[in-house]
DNA sequence: TCTATTGATTAGAGCGCTCTAATCTTGTAG
DNA sequence: CTACAAGATTAGAGCGCTCTAATCAATAGA
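Pasting the structure below:
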């Protein structure tokens, strides 16, 4: 278990520890002869540099702290995949925590991450307060994903939720729908922007917004539809729904079908997030796609730019979502499937 | 950005660096007066210990390396949540990588993890070869999750796939089914055990096993059903399916419904994994539940036992899955819903 | 031939901490 | 009073590495 150190390699190769260090970082100005000698010795001994010792000595870090509120949410898992790929490509390593959407747990998680003196920290949809973020910013670059903030000097990566729900409304309007309701995500991340986009798009078309308070879960989606069914006389029911996210949409569809309404023949439904769920042919949900892997990549890039000192001004990425049309939306009044 | 060190705290509190170190590790035999003096100084300066320096000096590690083949798979994401919770509780930290189910990428990922001299390494369903695992074992304790191996001295945490599919078969048999087919997961992790359990259970009931080669994806599930429909004359079609996993099951259900067969009235379907997907009321899949969070916990525990030297013999956890009955299975011949 | 000059190599300090062993206090028994 | 044990504190080495500055060798220029 006691792994060889640079000293051992130096001894075996008959050179100084400093030379081994140069070879390991493949610095120039090392003679080929010595280089291969060192490399061989390292290989024979099974030597690999000690990342922490390196980090300490060089006063630099290859570690990126990642706090994700909840990995069970496929959206975050996808973003983390993007982070991992980008970090790996840039020679960085991820140290990961979950915050469980609890401010106190998130604070503890963040503190843990910072104890590693990471090169930077990425917070995925954190719920913690601005002061905690400011604290972190004082220590290292911070990138917020799926969360906006007025905190100075943090970079943010968000999808343009307003544009996203506008896409959804435009799509439905172009299919002839006019009574389009929105199942609002409440305080969930991004819900406000989505609601705003929906409202503006409706107004632009001189349509009356119908907002049903809901949450980003399937059970909340069902409940919202039940309310809608209760409130509206049979004829006045919306013909289309813009759900807060995919889970919400799936719940809404269940409730509609249970009530004897067919999707999309009677009611069209659009989701949000394009989770793997939406892509299942069994569900085949028309939805708004956030470029998640791209978001992960941008977050890492933003961090690295800061680390390298290439940029000091904050950057706010607003990514353009796109609409993925599947089988839960159809022309108003027509009986189309597929 | 330059954070205070122990030296700074010592200077401010007017004590030695060693005393600060003792306080930070809250060692006994420190006078209350000095302790509070140090704590105040640390607080004023915003001092937090440097985890890497600590690790280097103490020749111990609080880092657990985690290599997950694919985070997009909700099953792994759940296990990672379990790992995180257990690690956090024990004062450990996760450094995470993805291997993307490619042996070479996994090797690189593992090497990266080991460069941090972690206290231990957890591999989630790795595809890499035994020699690579042996290499890792030579460096630190290793736990394999969702993967068995003959490698000496590795701990493993698996669900008892054989028991799982037995549960599925028993359930279906008790509902009166006799023509029960298995959609086999091929080389996917755990597929062999599930197939074995299915076969044995069928034989025990003197039933003829029908195995359709498939994969753990929804499209593969659809394809498998198409094959089944092609092979079997209308009357001889299986009345129940034991799918390789939930995705596979959902695909199968789609294909069945497209072919005009109703689930569960005409065909019952059981999934495997109890992913969040299965719980959606829209899908409401009867499925086999692996205690994922528990698996994560056990993996971390196994590692910590080794770290503490409490155990040197390998341990092989085989967790008991359980059946979650929802709406995709029904008594043969009856027309039940819900 | 002697000095610049450049490139290759190394000594040695130090990153921020822990840990052992030594030192300094006190309290108490003799 | 002295001696000593036990508790509190600290000096200093060292974890495995990097980095600066110094050293050394070899070549080129005068």
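Residue numbers (the numbering used here), protein chains in the order written: chain P, 1 to 338; chain Z, 1001 to 1338. Just so you know, even glycine gets a beta-carbon here, dropped at the ideal spot from N, CA and C.
query, result
"I'd like to check one pair, residue 160 of chain P with residue 39 of chain P: are the Cβ atoms closer than 8 angstroms?", "no"
"With a threshold of 8 angstroms between beta carbons, is residue 133 of chain P in contact with chain Z?", "no"
"Hey, out of Z:1079, Z:1096, Z:1048, whose CA is closest to residue 1063 of chain Z's CA?", "Z:1096"
"Over the uninterrupted alpha helix (DSSP H) stretch that includes residue 279 of chain P, give me the two end residues.", "276-279"
"Mind pulling the beta strand (DSSP E) runs of 3 or more residues that sit fully within the region 270-326 of chain P?", "286-289, 316-319, 322-324"
"Report the partner residues of residue 246 of chain P according to the DSSP bridge assignment.", "DSSP lists no partner for residue 246 of chain P."
"Given 8 angstroms as the limit, is there contact between the region 129-139 of chain P and the region 75-90 of chain P, that is, 3 or more CB pairs closer than that?", "no"
"Tell me, please, which residues DSSP counts as bridged to residue 95 of chain P.", "P:65, Z:1095"
"Are the beta-carbon atoms of residue 1332 of chain Z and residue 1239 of chain Z separated by less than 8 angstroms?", "yes"
"Based on Cα-Cα distance, which residue from P:92, P:229, P:218, P:287 lies nearest to residue 163 of chain P?", "P:287"
"Please tell me whether residue 223 of chain P has its Cβ less than 8 angstroms away from any Cβ of chain Z.", "no"
"Does any CB atom of chain Z fall closer than 8 angstroms to the CB of residue 139 of chain P?", "yes"
"Cα separation between residue 276 of chain P and residue 1066 of chain Z?", "24 angstroms"
"Compare the Cα-Cα distances from residue 127 of chain P to each of P:100, P:153, P:113 and report the closest residue.", "P:100"
"Closest to residue 1301 of chain Z by C-alpha separation, out of Z:1157, Z:1023, Z:1112, would be which residue?", "Z:1157"
"Kindly indicate which three-state DSSP category residue 1159 of chain Z falls into: helix, strand or coil?", "strand"
"Report the residue from Z:1233, Z:1118, Z:1279 whose alpha carbon sits nearest the alpha carbon of residue 1323 of chain Z.", "Z:1279"
"Quick one: using the 10 Å Cβ neighbour count with 16 as the cut-off for buried, is residue 230 of chain P buried or exposed?", "exposed"
"Interface residues of chain Z around residue 56 of chain P at Cβ under 7 angstroms?", "1052, 1053, 1056"
"Using a beta-carbon distance below 8 angstroms, is residue 1159 of chain Z in contact with chain P?", "no"
"For residue 1172 of chain Z and residue 1268 of chain Z, which I take to be in contact (beta-carbon distance under 8 angstroms), what is that distance rounded to the nearest angstrom?", "6 angstroms"
"Name the chain Z residues whose beta carbon is nearer than 8 angstroms to that of residue 117 of chain P?", "1003, 1050, 1051, 1052"
"Does chain P have any CB closer than 8 angstroms to the CB of residue 1342 of chain Z?", "Examination of residue 1342 of chain Z is not possible in this model, given that chain Z is present from 1001 through 1338 alone."
"What in chain P is Cβ-close to residue 1111 of chain Z, meaning under 8 angstroms?", "48"
"Give a yes or no on whether 8 angstroms exceeds the smallest Cβ distance from residue 1370 of chain Z to chain P.", "Residue 1370 of chain Z is absent from the model: chain Z starts at 1001 and stops at 1338."
"Just to confirm the assignment, what range does the beta strand (DSSP E) spanning residue 143 of chain P have?", "142-145"
"When DSSP builds the beta bridges, which residues end up paired with residue 1124 of chain Z?", "Z:1068, Z:1145"
"Checking 8 angstroms against the spacing of the C-beta atoms, do residue 242 of chain P and residue 198 of chain P come in under that value?", "yes"
"Between residue 1208 of chain Z and the rest of its own chain, which residues show a CB-CB distance below 6 angstroms, the 5 nearest in sequence each way excluded?", "none"
"Flag residue 1090 of chain Z as yes if its beta-carbon sits less than 8 angstroms from any beta-carbon of chain P, otherwise no.", "no"
"In whole angstroms, what is the alpha-carbon distance linking residue 336 of chain P and residue 175 of chain P?", "Confidence is the limiting factor: at residue 336 of chain P the pLDDT is only 40, short of 50, which leaves the residue's position unreliable and the question unanswerable from this model."
"So residue 1281 of chain Z contacts chain P; which residues on that side make the cut at Cβ distance below 8 angstroms?", "218, 219, 222, 251, 254"
"I want to verify the contact list: residues of chain P whose CB lies under 7 angstroms from the CB of residue 1276 of chain Z, in sequence order.", "72"
"At what residues does the beta strand (DSSP E) containing residue 1212 of chain Z begin and finish?", "1210-1213"
"Which residues in chain Z have a C-beta closer than 7 angstroms to the C-beta of residue 93 of chain P? List them in chain order.", "1095, 1112"
"Under 7 angstroms Cβ to Cβ from residue 34 of chain P, same chain only, skipping five residues before and after it: list those, please.", "15, 19"
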